[in-house]
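Undergrad: If you read the sequences in order, they're chains A and B. The opening residue of the first sequence carries number 23 in this note's numbering; numbering runs sequentially from there. The opening residue of the second sequence carries number 23 in this note's numbering; numbering runs sequentially from there. We treat Cβ as the ideally placed atom computed from N, Cα and C, and that holds for glycine. Next up is a structure, given as structure tokens.
2 protein chains.
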Amino acid sequence: MAVRMRDIARLAGVSEATVSLALSGNSRVSEATRRRVIAIADELGYRPNAAARSLRTDSTRALGLVVSDVANPFFAELAGRIERIAAAQGYSVVLCNSDEDAARQDGYLSRLLAGSEVDGVMLVPAGGMTPGILAAGAARARMVLLDRPIAADGVGGVSEWLRAIPVVRGSGAAALGEVAELLIGLGHRRIGIIALPQTTQIGRERHDMMLGALTGQGLAASAVEVVSGDFRQHSGELAVERLLASPNPPTAYVAADGLMAIGAMKALRRAGLRIPRDVSLVGYDDAPWFDLLDPPLTTVAQPVVELAEAAMRSMYALLAGETPPTTALTCQLVRRSSCGPPPDAHS
Amino acid sequence: MAVRMRDIARLAGVSEATVSLALSGNSRVSEATRRRVIAIADELGYRPNAAARSLRTDSTRALGLVVSDVANPFFAELAGRIERIAAAQGYSVVLCNSDEDAARQDGYLSRLLAGSEVDGVMLVPAGGMTPGILAAGAARARMVLLDRPIAADGVGGVSEWLRAIPVVRGSGAAALGEVAELLIGLGHRRIGIIALPQTTQIGRERHDMMLGALTGQGLAASAVEVVSGDFRQHSGELAVERLLASPNPPTAYVAADGLMAIGAMKALRRAGLRIPRDVSLVGYDDAPWFDLLDPPLTTVAQPVVELAEAAMRSMYALLAGETPPTTALTCQLVRRSSCGPPPDAHS
DNA sequence: TCGGCCCAGTTAATCGATTGAATTCGTGTC
DNA sequence: GACACGAATTCAATCGATTAACTGGGCCGA
């Protein structure tokens with residue numbers, strides 16, 4: 023079917039070994055032979071058989087990317103950036119959607135790593151520690167965690183390598199501080215948080231950060247209401263409905279994720295509330311069209327390009343046998359017009 | 023490193039061949055042996071080595087997906103859907119971003135197919151016929167075209183297999199007819215089209231459809247101004263700027279692509295025009311957040327889920343040696359509020 | 001009792017590229 | 001003239017799973 027090394031060897035009048043050596047630039051072949059071999063190879067349009075090469079060299083030049091959902095604009099952009107960087111180095115990217123489901127995630131990990139489909143995996147962990155991650159770690163798989171760290175609690179002897187897994191993520195502390203300052207400065211005293219699942223490390227962390235920022239500005243913790251969603255748009259809608267149902271609903275809402283922010287916006291609008299006149303809203307993540315929303319959404323933007331670069335840098339380091347550090351890149355608060363003073367301030 | 027068949031064989035006290043047979047459910051092994059082998063296999067967490075299996079069976083259980091950009095919401099959703107369907111059948115998806123660049127696309131095709139990295143490719147062609155597609159066809163690669171057909175002009179003897187390549191796409195004719203009816207019904211008499219590159223078959227086609235729909239409603243062809251973009255948001259902005267610069271700018275705009283519609287919206291707003299009061303805008307493709315835009319965007323929505331399903335159905339048929347037909351799924355006009363009467367109708 | 005047959009399993013070749021060890025050949029040296 | 005040496009190339013084993021062809025043994029019928 024396809025062109026094999028044997029065909030080139032035959033045409034060039036040399037052995038397969040020589041062809042291989044020539045193509046790989048090994049100095050054991052003469053310059054003349056190399057040139058002849060290469061000429062024939064690309065005249066025939068030779069492409070090495072990926073499976074054979076992988077089998078022999080135990081390296082696939084492919085990387086796995088497990089995200090919770092590529093349709094989430096944040097992960098879509100991240101995936102695109104990562105693919106481009108990987109392609110530039112000759113790596114393929116195998117895309118996987120875990121749908122925030124730990125079992126599916128583990129299935130992918132096992133398929134990709136245990137079956138040696140890829141040389142390494144970049145994982146957006148769905149939830150905390152799972153058997154699959156544990157197994158991958160035990161097998162000393164090359165893995166970098168994206169966007170979310172995972173807690174090491176309860177897992178005994180593994181913590182050493184767990185700590186060695188590089189994490190690449192945005193750090194929202196500063197931006198979240200600005201959010202608190204902004205909202206409290208505008209006069210909001212009851213704030214609703216549409217949080218991530220509190221079963222995840224990132225969920226608890228972002229929640230604590232937010233709460234810390236608000237109380238740090240002098241707000242009582244009791245003035246903050248929290249409802250957790252699950253990263254999906256619909257859960258953002260539900261969360262807002264729950265918050266609105268409280269006897270004294272918040273006047274400002276902060277979503278911990280881009281899609282949930284969209285959902286929150288939908289629910290608020292459906293409830294007849296106008297943003298920012300009646301309520302204020304702050305989102306997370308950013309997209310080119312966020313400023314075309316009604317109203318343009320104030321949001322905590324993650325540095326996606328840098329995140330992708332850092333992730334690939336870590337991956338390369340891992341492949342080179344190094345132990346890359348964890349990376350946290352600071353997020354920026356993008357001020358648009360979805361925040362204003364609370365309605366009581368009008369009256 | 024990983025568990026190999028040999029390890030299972032040793033523990034089970036049988037040959038590797040028996041293990042392979044047992045695991046594949048071949049009837050040449052006794053029920054008792056099969057059970058023992060399977061038990062040991064999953065106790066050890068055995069995963070077949072993908073490279074070895076591919077090499078031997080000449081099938082990778084992986085599919086290539088070449089899109090122009092996953093960050094485009096339409097392709098992101100398509101990619102996600104496709105991945106999910108593929109995963110359910112045990113197929114991996116290798117993601118590639120061509121960036122609408124024919125050379126990059128051909129590079130991917132060659133890598134994926136000639137190197138037998140994948141069993142088949144689903145391609146959103148960037149432009150028309152290219153050497154890479156030609157080569158893939160000559161090598162009788164399994165390929166399905168997504169979203170866009172390619173013209174067969176100028177390519178001699180290849181047209182037979184070219185015609186046999188299944189294309190899975192949305193058909194916007196009916197919806198575009200409704201768009202024409204809507205805009206002309208509202209009173210618009212000067213319409214701007216933000217078209218796709220006219221070098222692509224899909225670009226010319228969508229353009230002709232749009233123009234045909236408008237003239238079919240009695241509009242003079244001279245009343246329609248066309249500026250081509252390149253699928254990207256920025257080109258949508260430029261196109262609108264160009265159209266606005268004309269002595270008598272259109273009162274309604276139709277974008278042939280989702281991202282360009284976003285760009286158009288930005289440019290219109292930047293020009294101080296309000297939608298739909300001053301100008302009307304119709305987009306292409308849809309996303310969950312299109313109705314949160316300011317104003318909610320009227321658009322021609324492609325049936326993404328069905329597109330993904332049809333694409334995978336075609337791929338499976340191809341893998342089974344069949345010759346699936348081309349599929350065209352009808353798009354729906356989603357009426358929201360970005361269209362209104364032209365401003366002259368006010369005065 | 002012997003040949004044929006089937007069942008359960010094994011042997012060994014194979015897929016295509018890589019690479020350490022072996023080989024060939026020409027040249028230089030004593 | 002024998003030998004060592006290095007450069008260029010070839011040999012052959014290897015990666016792990018699959019499968020056609022073969023083997024051994026139990027059973028049946030003649």
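At a CB-CB cut-off below 7 Å, which residues of chain A make contact with residue 106(B)?
TA: 119
Undergrad: Quick check: is the beta carbon of residue 325(B) nearer than 7 Å to any beta carbon in chain A?
TA: no
Undergrad: Compare the C-beta of residue 328(A) with all C-beta atoms of chain B and state if any pair is closer than 7 Å.
TA: For residue 328(A), the closest Cβ of chain B is not nearer than 7 Å.
Undergrad: Is there at least one non-hydrogen atom of the ligand FAD closer than 6 Å to the beta-carbon of residue 317(B)?
TA: The model on display carries no ligand, and the ligand FAD is accordingly not part of it.
Undergrad: Return the CA-CA distance between residue 193(B) and residue 359(B), expressed in angstroms with no decimal places.
TA: 23 Å
Undergrad: Please list the segments of the beta strand (DSSP E) lying wholly inside the stretch 53 to 95 of chain A, counting only runs of 3 or more residues, in order along the chain.
TA: Within the stretch 53 to 95 of chain A, the runs of beta strand (DSSP E) that reach at least 3 residues and sit entirely inside it are, in chain order, 84 to 89.
Undergrad: Residue 187(B) by DSSP, collapsed to three states: which one?
TA: coil
Undergrad: For residue 284(A), return the contacting residues in chain B, with the cut-off set at a CB-CB distance below 9 Å.
TA: 310, 311, 314
Undergrad: Let me check understanding here. Comparing Cα to Cα, which of 256(A), 34(A), 333(A) lies closest to residue 56(A)?
TA: 34(A)
Undergrad: Consider the Cβ of residue 99(B): report whether some Cβ of chain A lies at a distance smaller than 7 Å.
TA: yes
Undergrad: Between which two residues does the beta strand (DSSP E) holding residue 354(B) run?
TA: Per DSSP, residue 354(B) belongs to the beta strand (DSSP E) from 354 to 356.
Undergrad: On the three-pair Cβ rule with 8 Å, is the stretch 124 to 132 of chain B touching the stretch 93 to 110 of chain B?
TA: Short answer: they don't touch.
Undergrad: Given residue 368(A), which residues of its chain have a CB within under 7 Å of its CB, disregarding the five upstream and five downstream residues?
TA: Confidence is the limiting factor: at residue 368(A) the pLDDT is only 47, short of 50, which leaves the residue's position unreliable, though a coordinate-based value still follows. Within the same chain, residue 368(A) has no close Cβ partners at all.
Undergrad: Which of the three DSSP states, helix, strand or coil, is assigned to residue 137(A)?
TA: coil
Undergrad: Flag residue 270(A) as yes if its beta-carbon sits less than 7 Å from any beta-carbon of chain B, otherwise no.
TA: no
Undergrad: Looking at the strands, I want to know which residues DSSP matches up with residue 322(A).
TA: 306(A), 355(A)
Undergrad: From residue 265(B) to residue 315(A), what distance separates their C-alpha atoms?
TA: Roughly 24 Å between the two C-alpha positions.
Undergrad: Does any C-beta atom of chain B lie closer than 7 Å to the C-beta of residue 362(A)?
TA: no
Undergrad: Return the residues of the stretch 147 to 170 of chain A that lie within a Cβ-Cβ distance of less than 9 Å from chain B, sorted by chain order.
TA: Flagged, chain order: 157, 161, 162.
Undergrad: Provide the residue span of the alpha helix (DSSP H) that contains residue 217(A), from first to last.
TA: First-last for residue 217(A): 213 to 217, but that is the beta strand (DSSP E), not the alpha helix (DSSP H).
Undergrad: Taking all protein chains shown into account, decide if residue 327(B) is buried (16 or more other Cβ within 10 angstroms of its Cβ) or exposed.
TA: exposed
Undergrad: Rounded to whole angstroms, what is the Cα-Cα separation between residue 355(B) and residue 322(B)?
TA: Spanning the alpha carbons of residue 355(B) and residue 322(B) requires a straight line of approximately 4 Å.
Undergrad: Specify, as a first and last residue, the run of the beta strand (DSSP E) that residue 149(B) falls within.
TA: Counting along the chain, residue 149(B) falls outside any beta strand (DSSP E), and DSSP gives it neither H nor E.
Undergrad: Classify residue 366(A): buried if its beta carbon has 16 or more other beta carbons within 10 angstroms, exposed otherwise.
TA: exposed
Undergrad: Taking Cβ-Cβ distances below 8 Å as the criterion, which residues of the stretch 230 to 254 of chain A are in contact with chain B?
TA: Within the stretch 230 to 254 of chain A, no residue has a Cβ that lies closer than 8 Å to any Cβ of chain B.
Undergrad: For chain A, is any of its Cβ atoms less than 7 Å away from the one on residue 368(B)?
TA: Only weak support is given to the placement of residue 368(B): the predicted model assigns it a pLDDT of 47, under 50, and the value that follows is read from those uncertain coordinates. No, residue 368(B) lies away from the interface with chain A (no Cβ there is under 7 Å from its Cβ).
Undergrad: Reducing DSSP to helix, strand and coil, say where residue 49(A) ends up.
TA: coil
Undergrad: Where do the ends of the alpha helix (DSSP H) carrying residue 130(B) lie?
TA: 124 to 131
Undergrad: From residue 363(A) to residue 257(A), what distance separates their C-alpha atoms?
TA: When rounded, the distance between both Cα atoms is 26 Å.
Undergrad: So is residue 29(B) in contact with chain A if we call contact Cβ pairs under 7 Å?
TA: no
Undergrad: Hey, how far is the Cα of residue 84(A) from the Cα of residue 86(B)?
TA: 13 Å
Undergrad: Identify whether residue 38(A) lies in helix, strand or coil by the three-state DSSP scheme.
TA: helix
Undergrad: Within its chain, find whatever has a CB closer than 7 Å to the CB of residue 38(B); leave out the 5 residues flanking it on each side and keep chain order.
TA: 27, 28, 31
Undergrad: Just confirm the distance between the C-beta atoms of residue 334(B) and residue 142(B), as a whole number of angstroms; I'd bet it's less than 8 Å.
TA: About 10 Å; that fails the 8 Å criterion.
Undergrad: Is the number of C-beta pairs between the stretch 299 to 308 of chain B and the stretch 234 to 246 of chain B that are closer than 8 Å three or more?
TA: Not touching, per the Cβ criterion.
Undergrad: What residue range is occupied by the uninterrupted alpha helix (DSSP H) comprising residue 257(A)?
TA: 255 to 266
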